[in-house]
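Residue numbers (this note's numbering): 152 to 940.
In structure tokens form, the structure reads like this:
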């Protein structure tokens with residue numbers, strides 16, 4: 152018994168370590184603290200810089216219908232191009248890339264994009280004074296120390312365009328800046344390294360509601376254009392020193408159907424326009440990466456480049472007449488990247504006394520370039536740019552090298568656990584072996600552990616020796632028990648298996664359907680499917696529910712659901728919420744007999760699912776319910792093999808519920824239409840909770856069905872299968888890409904490693920839905936009352 156408890160504890164520990172380890176390896180913040188800053192550049196061309204970020208403005212719409220003032224700037228006053236963003240194309244990662252020059256850890260989403268998982272350096276930290284105005288989801292990221300900012304109320308971010316006043320988001324920001332110009336600007340009139348940040352959310356909100364091809368979207372862009380012209384005129388009139396630089400860009404674009412987060416061209420291409428002090432005048436397109444904007448802003452005002460910046464200064468944007476300053480700015484950028492290369496090499500726990508040849512080459516190049524500071528040749532500029540490319544390559548090499556080492560350690564640890572689990576299932580009598588062999592093996596493993604800690608005693612990265620030690624300990628336990636046991640798996644023979652797959656043919660179609668569908672004609676087909684699913688459910692009620700009272704209630708709920716979904720009635724105030732919160736009580740009005748209760752579960756869960764559906768989920772739910780109704784009801788004793796088969800089929804249905812219904816569409820990119828029948832004011836916690844509920848509803852159905860087909864406590868075989876499947880998924884998890892790419896990879900890995908536990912959890916969590924009865928509760932209360940009397 153003690154041995155079994157130890158095995159269970161060790162298994163749980165291994166699963167938690169692997170789950171945490173894979174997420175830690177891929178989503179550990181790239182930010183390294185306490186990096187040295189480069190020096191302030193002297194004789195900067197601009198004393199102050201105004202940064203305009205039009206949230207959600209895509210390049211295609213902007214260039215096809217260019218607004219008047221910015222079009223004039225592009226042709227006569229500055230430099231313009233496309234800023235290529237990186238997925239996920241969301242507001243916070245985009246703003247961080249622009250202002251800090253790094254691609255932020257996507258795990259920031261788990262804090263609701265409200266807080267910084269790790270504090271990072273930005274252009275605002277390196278400035279002398281900074282002011283920022285805009286969205287309450289963005290401005291608080293940067294407001295600290297010498298950075299002042301203000302935001303409008305969160306409830307203003309309402310995606311219901313019928314309420315109008317969308318422009319007030321941008322109008323508020325412009326008014327705040329103009330008030331600052333009148334009341335506070337005189338305090339910093341002669342100061343340098345001043346940054347003013349105007350975050351403009353109007354285009355994003357209008358694009359989500361009216362779509363980017365709409366007249367409303369274009370009108371919003373033209374409004375922003377007119378206000379920027381007003382800001383420029385008043386700024387120049389006030390300061391009058393021609394020492395202000397201007398940068399206009401966007402954090403991400405938007406698809407035709409009003410979403411963003413993925414990697415389409417419309418989402419990753421945003422406009423970049425610069426003009427004013429220190430800016431070149433080129434009537435040609437100069438494309439950049441989004442993180443390149445950070446060193447550009449720093450160089451224009453002479454501020455140190457943020458320490459964790461990954462961008463490369465687009466020197467073509469700087470005034471070509473000041474070649475010396477351009478060379479010095481590039482050298483600063485090179486030094487800042489080299490500091491990161493050194494820190495990342497040290498994070499790999501290499502011998503700190505000897506630099507890698509890449510690092511040594513970078514320092515040699517910097518030394519040579521510093522000797523010719525007075526040389527303003529184009530040759531020096533080209534050599535600096537080439538060395539910066541070497542620094543970028545070196546930085547990528549060390550980061551990937553560290554990730555590969557971590558994954559090797561985790562894979563070794565996991566293989567050790569799989570061997571141990573295999574031996575446990577194969578379970579034969581232990582063999583007697585020589586104690587000397589065991590003693591030698593134990594000593595060898597202990598020596599390896601000691602060696603690991605000695606080698607990493609001065610390591611700055613504590614995670615590396617910890618993962619290495621875990622891999623050794625895991626294989627130690629597996630090989631020791633493997634030497635004591637004989638692994639023989641008997642042939643599994645299935646007998647008298649019934650064929651339950653004729654309805655599964657229809658279910659097999661759903662995983663082939665697209666998760667996000669941009670084409671309106673296909674969207675109309677999905678709307679038809681939802682209408683058809685409601686009609687099918689009404690037909691099921693008419694046939695299966697004998698009580699006229701219950702039949703009337705069920706049909707009324709379905710009709711109200713349909714009217715709400717097709718927006719004949721507005722469900723946001725109370726109707727949708729009432730349907731949602733009364734669902735558990737509604738289910739409990741059904742008899743606790745399994746077949747009757749399952750009817751209540753299916754009908755009860757359908758309504759909230761339909762209101763939360765992103766595409767064809769209700770249609771899938773109907774087919775899944777029909778298919779599961781064909782499972783045989785039995786109370787007889789299951790053989791071990793049939794129990795394993797039972798668990799495996801539940802695993803299949805669980806996977807089908809998550810990956811076969813387009814659920815990933817709900818988290819791949821943000822679209823307020825997912826929760827439009829419940830809430831339209833932007834609220835990340837409520838919206839995420841509703842989406843999570845929608846994903847869980849088909850899983851609840853599978854959990855309830857498990858009560859009808861019998862339970863099983865034989866999960867070891869399923870555990871082995873899931874653990875073997877999870878090993879390849881370890882290498883598929885990625886921190887890059889859209890929410891769809893990141894979410895799909897994490898979900899496959901997480902579900903593979905936790906699926907057996909999920910099956911057990913679904914079985915027990917669905918227990919109240921299958922057993923609790925309002926009628927039984929009422930009878931019990933009456934009996935207790937009589938007893939008291």
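Glycine is no exception: its CB is placed at the ideal position from the N, C-alpha and C atoms.
Between the alpha carbons of residue i and residue j, how many angstroms are there, rounded?
i           : j           : result
residue 766 : residue 828 : 14 Å
residue 284 : residue 361 : 25 Å
residue 688 : residue 709 : 8 Å
residue 752 : residue 691 : 13 Å
residue 893 : residue 413 : 10 Å
residue 523 : residue 511 : 19 Å
residue 647 : residue 808 : Model confidence at residue 647 stands at a pLDDT of 36, short of 50, so the residue's coordinates are unreliable; what they give is reported in the following sentence. Approximately 28 Å between the Cα atoms of the pair.
residue 705 : residue 302 : 46 Å
residue 185 : residue 273 : 14 Å
residue 327 : residue 333 : 10 Å
residue 545 : residue 508 : 10 Å
residue 491 : residue 561 : 26 Å
residue 786 : residue 904 : Residue placement at residue 786 is flagged as unreliable, the pLDDT there being 45, under the threshold of 50; the coordinate-derived value follows with that caveat. Cα to Cα, residue 786 sits roughly 30 Å from residue 904.
residue 846 : residue 776 : 16 Å
residue 819 : residue 571 : In this prediction, residue 819 scores a pLDDT of 46, lower than 50, which makes its location untrustworthy; the coordinate-derived value is nonetheless stated afterwards. C-alpha separation (whole angstroms): 37 Å.
residue 409 : residue 157 : 53 Å
residue 761 : residue 356 : 25 Å
residue 218 : residue 839 : 36 Å
residue 476 : residue 324 : 34 Å
residue 300 : residue 281 : 8 Å
residue 671 : residue 712 : Its pLDDT being 42, under 50, residue 671 is placed unreliably in this model, and the value from its coordinates should be taken loosely. Between residue 671 and residue 712, the C-alpha separation is close to 23 Å.
Excluding the 5 residues preceding and the 5 following residue i in the sequence, name in chain order all residues of the same chain whose CB lies nearer than 8 Å to its CB.
i           : result
residue 565 : 165, 169, 625, 874, 877, 878, 881
residue 216 : 369, 372
residue 541 : 509, 512, 513, 516
Going by the beta-carbon positions, is the gap between residue i and residue j smaller than 8 Å?
i           : j           : result
residue 286 : residue 329 : no
residue 400 : residue 430 : no
residue 486 : residue 517 : yes
residue 465 : residue 213 : no
residue 457 : residue 277 : yes
residue 547 : residue 534 : no
residue 354 : residue 382 : no
residue 848 : residue 759 : yes
residue 292 : residue 243 : yes
residue 240 : residue 350 : no
residue 253 : residue 182 : yes
residue 198 : residue 394 : yes
residue 251 : residue 451 : no
residue 290 : residue 275 : no
residue 364 : residue 321 : no
residue 549 : residue 380 : no
residue 763 : residue 826 : yes
For residue i, which residues of its own chain have a beta-carbon under 7 Å away from its beta-carbon, when the five flanking residues on both sides are left out?
i           : result
residue 426 : 224, 228, 229, 397
residue 899 : 880, 883
residue 738 : 751, 752, 755, 920
residue 922 : 743
residue 757 : 688, 769, 772
residue 748 : 741, 742, 921
residue 177 : 884, 885, 886
Evaluate residue i with the Cβ neighbour count: other Cβ atoms within 10 Å of its Cβ, from every protein chain shown; 16 or more gives buried, anything less gives exposed.
i           : result
residue 551 : exposed
residue 686 : exposed
residue 416 : exposed
residue 699 : exposed
residue 697 : exposed
residue 836 : exposed
residue 460 : buried
residue 376 : buried
residue 472 : exposed
residue 308 : buried
residue 735 : exposed
Can you name, in chain order, every residue of its own chain whose Cβ lies under 6 Å from the Cβ of residue i, other than the five neighbours on each side?
i           : result
residue 463 : 443, 539
residue 234 : 400, 421, 423, 439, 441
residue 436 : 232
Ranges of the alpha helix (DSSP H) found wholly within the region 173-231, counting only runs of at least 4: 210-215, 219-227
Every unbroken alpha helix (DSSP H) within the region 304-351, with a cutoff of 4 residues, ordered by chain: 319-334
Every unbroken beta strand (DSSP E) inside the region 379-406 [3 residues or more]: 395-400
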